[in-house]
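Here the structure is laid out as structure tokens; the discussion comes afterwards.
2 protein chains.
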Amino acid sequence: MKQIEKQFLQYVKKMTGYREAIGLMYWDLRTGAPKKGVEQRSEVIGMLSEEVFRMSTSEEMAAFIAKLSPKAVYEQLDDVTKKTLDECKKEYERNKKIPADEYKEFVVLCSKAESVWEEAKAAADFARFRPYLEQIIEFQRRFISYWGYEGHPYNTLLDQYEPGMTVDLLDELFSRLRERIVPLVHAISAASDKPDTSFLFAPFPKEKQRAFLLELLKELGYDFGKGRLDETVHPFAIGLNPNDVRITTRYDERDFRTAVFGTIHECGHALYEQHISEALVGTPLASGASMGIHESQSLFFENMIGRHYAFWKRHYPRLQQYAPTQFADVSLDAFYRAINEAKPSLIRIEADELTYPLHIIIRYEIEKQLFAGELEAIDLPDVWNEKYEQYLGIRPHNDAVGVLQDVHWSGGSFGYFPSYALGYMYAAQFKQAMEKELDVAGLLEEGNIAPIREWLTVHIHQFGKMKKPLELVLDATGETLKADYLIQYLEEKYKALYRL
Amino acid sequence: MKQIEKQFLQYVKKMTGYREAIGLMYWDLRTGAPKKGVEQRSEVIGMLSEEVFRMSTSEEMAAFIAKLSPKAVYEQLDDVTKKTLDECKKEYERNKKIPADEYKEFVVLCSKAESVWEEAKAAADFARFRPYLEQIIEFQRRFISYWGYEGHPYNTLLDQYEPGMTVDLLDELFSRLRERIVPLVHAISAASDKPDTSFLFAPFPKEKQRAFLLELLKELGYDFGKGRLDETVHPFAIGLNPNDVRITTRYDERDFRTAVFGTIHECGHALYEQHISEALVGTPLASGASMGIHESQSLFFENMIGRHYAFWKRHYPRLQQYAPTQFADVSLDAFYRAINEAKPSLIRIEADELTYPLHIIIRYEIEKQLFAGELEAIDLPDVWNEKYEQYLGIRPHNDAVGVLQDVHWSGGSFGYFPSYALGYMYAAQFKQAMEKELDVAGLLEEGNIAPIREWLTVHIHQFGKMKKPLELVLDATGETLKADYLIQYLEEKYKALYRL
Chain F
699 MKQIEKQFLQ
709 YVKKMTGYRE
719 AIGLMYWDLR
729 TGAPKKGVEQ
739 RSEVIGMLSE
749 EVFRMSTSEE
759 MAAFIAKLSP
769 KAVYEQLDDV
779 TKKTLDECKK
789 EYERNKKIPA
799 DEYKEFVVLC
809 SKAESVWEEA
819 KAAADFARFR
829 PYLEQIIEFQ
839 RRFISYWGYE
849 GHPYNTLLDQ
859 YEPGMTVDLL
869 DELFSRLRER
879 IVPLVHAISA
889 ASDKPDTSFL
899 FAPFPKEKQR
909 AFLLELLKEL
919 GYDFGKGRLD
929 ETVHPFAIGL
939 NPNDVRITTR
949 YDERDFRTAV
959 FGTIHECGHA
969 LYEQHISEAL
979 VGTPLASGAS
989 MGIHESQSLF
999 FENMIGRHYA
1009 FWKRHYPRLQ
1019 QYAPTQFADV
1029 SLDAFYRAIN
1039 EAKPSLIRIE
1049 ADELTYPLHI
1059 IIRYEIEKQL
1069 FAGELEAIDL
1079 PDVWNEKYEQ
1089 YLGIRPHNDA
1099 VGVLQDVHWS
1109 GGSFGYFPSY
1119 ALGYMYAAQF
1129 KQAMEKELDV
1139 AGLLEEGNIA
1149 PIREWLTVHI
1159 HQFGKMKKPL
1169 ELVLDATGET
1179 LKADYLIQYL
1189 EEKYKALYRL
Chain V
699 MKQIEKQFLQ
709 YVKKMTGYRE
719 AIGLMYWDLR
729 TGAPKKGVEQ
739 RSEVIGMLSE
749 EVFRMSTSEE
759 MAAFIAKLSP
769 KAVYEQLDDV
779 TKKTLDECKK
789 EYERNKKIPA
799 DEYKEFVVLC
809 SKAESVWEEA
819 KAAADFARFR
829 PYLEQIIEFQ
839 RRFISYWGYE
849 GHPYNTLLDQ
859 YEPGMTVDLL
869 DELFSRLRER
879 IVPLVHAISA
889 ASDKPDTSFL
899 FAPFPKEKQR
909 AFLLELLKEL
919 GYDFGKGRLD
929 ETVHPFAIGL
939 NPNDVRITTR
949 YDERDFRTAV
959 FGTIHECGHA
969 LYEQHISEAL
979 VGTPLASGAS
989 MGIHESQSLF
999 FENMIGRHYA
1009 FWKRHYPRLQ
1019 QYAPTQFADV
1029 SLDAFYRAIN
1039 EAKPSLIRIE
1049 ADELTYPLHI
1059 IIRYEIEKQL
1069 FAGELEAIDL
1079 PDVWNEKYEQ
1089 YLGIRPHNDA
1099 VGVLQDVHWS
1109 GGSFGYFPSY
1119 ALGYMYAAQF
1129 KQAMEKELDV
1139 AGLLEEGNIA
1149 PIREWLTVHI
1159 HQFGKMKKPL
1169 ELVLDATGET
1179 LKADYLIQYL
1189 EEKYKALYRL
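Protein chains in written order, with the numbering used here: chain F, 699 to 1198; chain V, 699 to 1198.
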């Protein structure tokens, strides 16, 4: 049996290795691969992806699962092998349950749908995208029936991104959050004392921004021996393996916030993967526990560190040196208020930390109803606009800035959005637990990030996918997931900022 | 049968795709991959290489060869499939003839030998490396017996890098070359009117060099839509596929020649691969015909274009603008003489175009004797030093600058060296043929490189591996390979330069 276990781990290591090669090709395509080579490179990515898919559903994999799963055998495995087997089994079952032809049809549909979505968005014409969306929803509903589900049909979609998450729990968390955040957002919209943000948009040369960022990344503890910083149109972090976790950024010379907060965000993702235990390298466990937990780490760094007063107490003088004219007459307090401006807006990806969760709650409510059969594609624009008016107090004037704004649905990614808001909740709950042990504000002011990183590594990062999200939260904070910590954080911060 | 042909080409395409992924990982390792990720990345490279090797020797491959090789079937195949099959068959047979265990042992030996070689070289201590070299030679001799050979045992080693090349032909070419070059080198050593090179070593900032190079590459026709220029310690060109051919360079701020001539050299390699016919993409034919033909293209660009008087007549004024102080008092003639300085030296990779072939001939003569059983490892330092004294008029004062200088033997690469000198001969013969149709000097002075590139594409580049080296030479120049064109080129150029 030891022999089979060893073969299984070798087999998985190969799949992981192939995924790493695919990851590097993606990174390369985005950071400067020659344009004319893209087509051929995409074919190579396709070949390797097909091979990984084949391996994940092969007879060999079936045999490993059959031989290692019986209780008497399973209980003899070490923890890493157990969890690796769990992951492989889950993937095997998900992939096997959908007829291959049907899946292929779905992939073709999505790739067509994405380009139609682009056109429809450009033309602000939902009707053009609707027939595709209808088909995609149809496919997803059928997939749900293949996969099966407990409780709500949407649960099985949620589980893809946030293992263990359910509609019951999200309803409770999101309704509580909505009830408290909506009035706060309305109050802020009506507040008379709003921050002056005019000075944010002065020219700030790219090289200066980059120099500032490199210092910042070092202080935050991003290990350049395990990573690098490049430039892309759409910034991202990618963990090829825990010893090679790369980040990218985008520079806007008329708004330094793009690069500064974007980079701190990606740094949060990257630190997570850089700190994953070496013991998990070569298994599918060497990555984030879930989309939401990953997002909690980027948001923790971007907002709870990067938009903290104490953090800028330390770094603002240095930023002023890099852009002396821009910030000459701006006090630290004025700067702090400006970078924490909150106001209702139509576009999710431009939203601030206070209003962002409401964008997600709207999408969650819509998706849930879609898969309960309570809504159809044709209903979406109206429902969308109604909810924006109700929660954020503003109504999209067309579908390009409304229901058509996100790419996700055109790719069949339903169940993904909630992870973003969960990221905020996880982050706030982690912060609250961390503050029982650490004086976070004091450490930020000293520029002593090590204890914070250490706390995150010990309680979260090292485990990779060894723990499920809710298990991580419980173990790290001693409590089940609650919306209250996020509510408390946002209320305290924004009431003070807006002098309410 | 059409079905089998299609499956065969699919199979080969997958191997080619995997090789492309491996190529990108190599490129990435050399151009800035995070250091701590190197170990895991090397494992991934190993996995994919193993898979490609497995595919090249699999039962599936054997079946394709068995089914497509019979004359009646083979003759129905199109040319690309025929040559693809030939390549696969050759690789299959080479790989199959060596017992797997023995090959593994050899690979382990080489990787150990390389690090021992490094130490031995640092200590100038041949005795330390000798036991490893002896074993490597033993392995190679055994491999030759497995592979079999016609004529001289060394022929089968030559054939790996230069298909169709033989000791008979090399003896004839190299002895003729040696007889004419040795006296010329001696005459130049004794010449009284030597170029002044002192101005070459003034500081020349990297950014200025890079800006100059980017303009130069564009004029030479390097397609940045199919490539990119990066920085590495050891410059190289790598063709991932004909639409993605990358080059790298190294900047020495106290010697601009490193980057300028190095980049033109790599550009020559890259243009070759960028011009390979689209029809060959996805097959093993989409690369250079041989090591020597590849080198002929880089040397043609580096020396016959890049060290041509007419070329600098056009570009020297621009170079002067980038480094006005350095070249203020240097005439074009003085510049031209300086960049074409020739003098006997001990180190192959630092040699000029006149003396370089002699370094190769020495290695060739030694390797040939080794595999004829006329020499043993223990004899090498003395033989080496004798030959350097005889051909170049200088004797290595230790083995670090003598027999230990090159990495090749520690990796078991015997038969590789001759390709370098063949590259010079091919290049000179191509140039002579080209000049029957084109006024090369005139075109260089105009900066009109297109007709030169076109000539090379039509006669050489497009074919990739569709033709064997000697076939390419015959078709492109109407003659079999001769040493005379190189001799004539070198004599004319260096007699004039040294006013002999």
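Even for Gly, the Cβ is constructed at its ideal location relative to N, Cα and C. Just so you know, these numbers come straight off a predicted model, no measurement behind them.
Closer than 8 angstroms to chain F by CB, residue i
i: glutamine 705/V; result: no
i: alanine 719/V; result: yes
i: alanine 731/V; result: yes
i: methionine 759/V; result: no
i: glycine 715/V; result: yes
i: glutamate 905/V; result: no
i: methionine 723/V; result: yes
i: methionine 745/V; result: yes
i: asparagine 1038/V; result: no
i: lysine 712/V; result: yes
Straight-line Cα distance separating residue j from residue i
i: tryptophan 1010/V; j: tyrosine 1034/V; result: 7 angstroms
i: glutamine 1024/V; j: threonine 895/V; result: 12 angstroms
i: aspartate 921/F; j: glutamine 972/F; result: 8 angstroms
i: arginine 1151/F; j: phenylalanine 706/V; result: 53 angstroms
i: leucine 1195/V; j: alanine 987/V; result: 34 angstroms
i: asparagine 1083/F; j: methionine 989/F; result: 27 angstroms
i: isoleucine 886/F; j: glutamate 749/F; result: 53 angstroms
i: lysine 765/F; j: leucine 856/V; result: 50 angstroms
i: phenylalanine 824/F; j: valine 1156/F; result: 47 angstroms
i: lysine 1085/V; j: lysine 1066/V; result: 14 angstroms
i: alanine 821/F; j: valine 742/V; result: 45 angstroms
i: serine 1199/V; j: glycine 1091/V; result: In the structure as shown, chain V starts at 699 and stops at 1198, and residue 1199/V therefore has no counterpart that could be examined.
i: histidine 992/V; j: alanine 1070/V; result: 28 angstroms
i: tyrosine 1192/F; j: tyrosine 801/F; result: 46 angstroms
i: phenylalanine 804/F; j: proline 829/F; result: 14 angstroms
i: leucine 831/F; j: proline 933/V; result: 50 angstroms
i: tyrosine 709/F; j: asparagine 793/F; result: 18 angstroms
i: lysine 1041/F; j: leucine 927/V; result: 45 angstroms
i: glycine 1110/F; j: tyrosine 1007/F; result: 40 angstroms
Burial state of residue i, where buried means 16 or more other Cβ atoms lie within 10 Å
i: serine 756/V; result: exposed
i: phenylalanine 827/F; result: buried
i: isoleucine 1059/V; result: buried
i: arginine 876/F; result: buried
i: glutamate 1133/V; result: exposed
i: leucine 1078/F; result: buried
i: methionine 1123/F; result: buried
i: alanine 760/V; result: exposed
i: methionine 1002/V; result: buried
i: proline 903/V; result: exposed
Neighbour flag for residue i against chain V, beta carbons, 8 angstroms
i: glutamate 877/F; result: no
i: valine 742/F; result: yes
i: glycine 937/F; result: no
i: glutamine 738/F; result: yes
i: glycine 735/F; result: yes
i: arginine 926/F; result: yes
i: asparagine 941/F; result: yes
i: glycine 923/F; result: yes
Beta-ladder partner(s) of residue i, from DSSP
i: threonine 947/V; result: Glu929/V
i: alanine 935/F; result: Ile945/F
Between the stretch 939 to 955 of chain V and the stretch 724 to 744 of chain F, are three or more C-beta pairs nearer than 8 angstroms?
yes
Counting Cβ pairs closer than 8 angstroms, one from the stretch 1163 to 1175 of chain F and one from the stretch 858 to 878 of chain F, do we hit at least three?
yes
Say whether the stretch 1099 to 1110 of chain V touches the stretch 1138 to 1153 of chain V, bearing in mind that this needs 3 or more beta-carbon pairs closer than 8 angstroms, one atom from each stretch.
no
Would the stretch 950 to 959 of chain V and the stretch 1136 to 1146 of chain V be scored as touching if the rule is three or more Cβ pairs under 8 angstroms?
no
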